[in-house]
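Trainee:
Chains as they are written, first to last, in the numbering used here: chain B, 483 to 735; chain P, 21 to 302.
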C-alpha cells in the first residue's frame with residue numbers, strides 16, 4: 483500500500499532557480515527509503531514539503547491516499563501524529579531549557595494524545611536505549627549520540643507510521659553513527675523510514691530502496707542493491723566512485 | 021584536565037562577587053523601601069527641626085530648608101525609585117517583548133517597517149521621549165512618569181527581543197515543535213520566551229537602572245511625582261540653591277541615586293557573567 487506519493491512536485495522562488503523540479507516518487511508502507519544527494523540538491527526542501535511545513539508550487543503530495551494540505555488543520559493534526567522527523571544537529575534539535583521529559587512529551591501534549599504520558603515517555607526512552615532517569619535531566623547533560631537518541635524518542639513517542647530522518651547520523655562520530663544506524667534499522671521494522679543522507683554507505687546499510695537527487699531532480703531510483711550494483715546515471719556512478727571502499731564493503735550485507 | 025576544570029570555577033568566584041555586591045546594594049534599597057510602608061523616623065512633611073540643619077543624631081543627614089527630615093525623604097525616595105523602576109520596566113517589557121515577537125514573526129515588509137521605526141525611536145534619548153509623554157498627559161504624577169518611562173524603554177526591549185527571537189526561531193527544535201503539532205502561540209510560550217529570557221532579564225536590569233536615573237531627571241525638571249512624594253531628583257533640585265551652605269542636602273540623594281544605579285548595574289553584570297558561564301559549561 484502506498485504511504486507517500488509525491489507527484490510532479492516543483493518548488494522554488496523563481497523558475498530559473500528551482501529547488502525541486504518535477505520530482506515524483508512513491509513510498510510503500512513499511513518500506514525504508516534512502517534519499518541521497520549532495521548539499522543543495524533539494525533534499526531538505528523535499529522533507530519540509532513532506533512534513534507539510536511548506537506547500538509545493540506545483541504538483542501534489544498525498545499521504546495515505548489523502549492530499550497533504552498544510553491549511554487543513556484537522557488533517558494536519560492526524561498527519562502530525564503519523565509522521566515525525568529526526569534532525570541532523572542533535573544540539574539545535576533539543577530545546578536547551580526543557581527537561582528531556584518535556585521534550586519527548588511535546589507531541590503527546592500538542593497532539594492531545596490520551597494516555598499516561600509519563601509512561602509513554604519512559605517507553606520511548608527505553609526503545610532508544612536510554613534509562614528512564616534521563617527524563618529528569620537537561621539536554622546539555624548528554625553527549626551528541628545520546629541527544630540523537632532523545633530526538634528519536636521524541637519522534638517515535640506518538641507512534642508514527644513514518645519516520646523522516648534528515649542527515650540524522652551525519653554529525654556523529656563513527657562508532658556512535660553505527661549505533662544510531664542500528665537503532666534506526668530496528669525501528670525500521672516497526673515503521674516506514676525515509677532516510678535523507680549524502681552518505682551512500684549508511685543508506686546502503688539501512689534502506690531497501692534508494693532515490694537519488696541531483697540538482698533539484700530525481701536522477702535515479704530503485705532497489706538499493708540493484709542501483710548500487712548497476713548504477714545507470716552518471717551522477718550515481720560518480721557518487722559510488724567517491725565512496726570509501728571500506729564502508730561500502732562493511733555495509734553491503 | 022585540571023586546567024580546564026579550574027578556570028570556570030575561578031571565574032564563577034568573581035561572578036559571585038559582582039552579583040553579591042549588586043544584590044546587596046539593590047537589596048538594601050528594597051529593604052528600606054519596604055520599611056517605609058510600615059515605619060518612618062519622622063512624618064515626611066512635618067517641620068521637625070531647624071532649617072538646613074547639619075547631620076545630627078536626631079537628623080542623620082540633616083534637614084531641608086523647611087526643616088523637614090532629609091533621611092525620611094531619602095527613605096521614601098528609595099521606594100519611589102524602585103516603584104518607578106519596576107513599573108517602567110514592567111510596561112517597557114510588556115510592550116517591547118510583544119512588539120519584538122510580532123516583528124520576529126512578521127512578513128519581511130512588516131518586519132522591516134517595525135525595525136526601522138524602532139531604530140528611529142531608539143535614536144531619541146529615553147529622557148526626551150519620556151518628557152514628551154509626560155507633557156502629553158495633563159498632570160505630572162508618579163503614574164504618568166512610570167508610563168512615560170515604560171514607553172520610552174520599550175523600543176530598546178523590542179529591538180533586542182526581535183533579534184533574540186529570530187535567532188531562536190531558526191533552531192531545529194522549533195521545527196520539531198511545529199511537526200509535533202504545537203501552535204505558534206504555544207511555541208512562543210514554551211520555547212521562544214524561556215530561551216530569550218536570560219538575555220532579556222539582564223537587559224531588564226540595565227533598563228531598571230536607566231529608569232531610576234531618568235525618573236530622577238524627570239523629577240528634577242518638575243515632571244515627576246508631585247511634592248507629597250519625595251523623589252531623589254526633586255530633593256536634588258530643591259537642594260540646588262543651598263548646595264554651598266548645606267551640601268548634605270544634595271550629596272545624600274546623589275549618593276542614594278548612584279548606589280541604586282550601580283547596584284542594579286552590578287546585578288545585571290553578575291547575571292550576565294553567570295549566564296555566560298552556564299553557556300560555556302553546556
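By construction, the Cβ of each residue, glycine as well, lies at the ideal position given by its N, Cα and C atoms.
Rounded to whole angstroms, what's the CA-CA distance from residue 484 of chain B to residue 547 of chain B? Just pull it up for me.
Mentor: Each residue's CA atom was taken as its position, placing residue 484 of chain B and residue 547 of chain B some 8 Å apart.
Trainee: Measure the Cβ-Cβ separation of residue 523 of chain B and residue 698 of chain B and say whether it is below 8 Å.
Mentor: Yes, the Cβ-Cβ distance between residue 523 of chain B and residue 698 of chain B is below 8 Å.
Trainee: Please report the straight-line C-alpha distance between residue 443 of chain B and residue 657 of chain B, rounded to a whole angstrom.
Mentor: Because chain B here runs from 483 to 735, residue 443 of chain B falls outside it and cannot be looked at.
Trainee: In three-state terms, what does DSSP make of residue 144 of chain P?
Mentor: coil
Trainee: Exposed or buried, residue 501 of chain B, counting other C-beta atoms within 10 Å across all chains shown (16 or more means buried)?
Mentor: buried
Trainee: Counting only Cβ-Cβ distances shorter than 8 Å, please list the residues of the segment 176 to 202 of chain P near chain B, keeping chain order.
Mentor: Listed by position, the residues of the segment 176 to 202 of chain P near chain B (Cβ gap below 8 Å) are 191, 192, 193, 195, 196, 197, 198, 199, 200, 201, 202.
Trainee: Could you tell me how far apart the beta carbons of residue 592 of chain B and residue 202 of chain P are, in whole angstroms, since I believe they sit closer than 8 Å?
Mentor: Taking the Cβ atoms as the reference, residue 592 of chain B lies roughly 4 Å from residue 202 of chain P, within the contact range of under 8 Å.
Trainee: Using 8 Å as the cut-off, can you tell me whether the segment 575 to 592 of chain B makes contact with the segment 206 to 224 of chain P, which would need three or more C-beta pairs spanning the two stretches below that distance?
Mentor: yes
Trainee: Verify the CB distance criterion: does residue 214 of chain P have a CB-CB separation below 8 Å to chain B?
Mentor: yes
Trainee: If residue 173 of chain P and residue 230 of chain P are in contact, beta carbons under 8 Å, what's the gap, nearest whole angstrom?
Mentor: 7 Å
Trainee: Closer than 8 Å, Cβ to any Cβ of chain P: which residues of the segment 597 to 619 of chain B, in chain order?
Mentor: none
Trainee: Is residue 156 of chain P helix, strand or coil by DSSP?
Mentor: Here residue 156 of chain P sits in helix by DSSP.
Trainee: Quick one: what does DSSP say residue 99 of chain P is sitting in, helix, strand or coil?
Mentor: helix
Trainee: Nearest-angstrom Cα distance between residue 545 of chain B and residue 506 of chain B?
Mentor: 14 Å
Trainee: Determine whether the beta carbon atoms of residue 104 of chain P and residue 284 of chain P lie at a separation below 8 Å.
Mentor: no
Trainee: So is residue 266 of chain P buried or exposed if we call it buried at 16+ other beta carbons inside 10 Å?
Mentor: buried
Trainee: Can you find at least 3 beta carbon pairs, one from the segment 221 to 240 of chain P and one from the segment 252 to 263 of chain P, that sit closer than 8 Å?
Mentor: Judged by Cβ distances under 8 Å, the segment 221 to 240 of chain P makes contact with the segment 252 to 263 of chain P, as three or more pairs qualify.
Trainee: Quick check: the Cα distance between residue 183 of chain P and residue 134 of chain P, rounded to an integer number of angstroms?
Mentor: 12 Å
Trainee: Where residue 710 of chain B and residue 120 of chain P are concerned, what is the direct C-alpha to C-alpha distance, given to the nearest angstrom?
Mentor: 51 Å
Trainee: I want to verify the contact list: residues of chain B whose CB lies under 7 Å from the CB of residue 211 of chain P, in sequence order.
Mentor: 577
Trainee: Suppose contacts are defined by Cβ-Cβ distances below 8 Å. Is residue 297 of chain P in contact with residue 38 of chain P by that definition?
Mentor: no
Trainee: Assign residue 673 of chain B to one of three DSSP states: helix, strand, or coil.
Mentor: coil
Trainee: I want to verify the contact list: residues of chain P whose CB lies under 7 Å from the CB of residue 571 of chain B, in sequence order.
Mentor: Those are 192, listed as they occur along chain P.
Trainee: Use the C-beta contact count for residue 493 of chain B: other C-beta atoms within 10 angstroms, 16 or more gives buried, fewer gives exposed.
Mentor: Buried, by the Cβ-count rule.
Trainee: From residue 304 of chain P to residue 180 of chain P, what distance separates their C-alpha atoms?
Mentor: This structure does not reach residue 304 of chain P, given that chain P is present from 21 up to 302, and the question cannot be answered.
Trainee: Does the segment 78 to 89 of chain P touch the segment 145 to 159 of chain P, meaning 3 or more C-beta pairs lie closer than 8 Å?
Mentor: no
Trainee: Specify the secondary structure class of residue 570 of chain B as computed by DSSP and reduced to three states.
Mentor: coil
Trainee: Taking the beta carbon of residue 191 of chain P as the centre, do at least 16 other beta carbons fall within 10 Å, making it buried, or is it exposed?
Mentor: Classified as buried, residue 191 of chain P has 16 or more neighbouring CB atoms from the shown chains inside 10 Å of its CB.
Trainee: Could you tell me if residue 559 of chain B is buried or exposed, where buried requires 16 or more neighbouring beta carbons within 10 angstroms of its beta carbon?
Mentor: exposed
Trainee: For residue 20 of chain P, does the count of other Cβ atoms within 10 angstroms reach 16, so buried, or fall short, so exposed?
Mentor: No information on residue 20 of chain P is available, as it lies outside the stretch 21 to 302 that chain P covers here.
Trainee: Tell me, please, whether the CB atom of residue 589 of chain B is closer than 8 Å to any CB atom in chain P?
Mentor: Taking Cβ atoms only, chain P reaches closer than 8 Å to residue 589 of chain B, which makes this a yes.
Trainee: When the cut-off is 8 Å and only beta carbons count, does residue 535 of chain B lie next to chain P?
Mentor: yes
Trainee: Applying the criterion that 16 or more other CB atoms from any shown protein chain within 10 Å of the CB defines a buried residue, is residue 200 of chain P buried or exposed?
Mentor: buried
Trainee: Check whether the segment 70 to 79 of chain P touches the segment 107 to 114 of chain P, taking contact to mean three or more Cβ pairs, one atom from each stretch, closer than 8 Å.
Mentor: no
Trainee: List the residues of chain P whose Cβ lies closer than 8 Å to the Cβ of residue 567 of chain B, in chain order.
Mentor: 195, 196, 199
Trainee: Is it a yes or a no for the segment 126 to 141 of chain P touching the segment 152 to 163 of chain P, going by three-plus beta-carbon pairs under 8 Å?
Mentor: no
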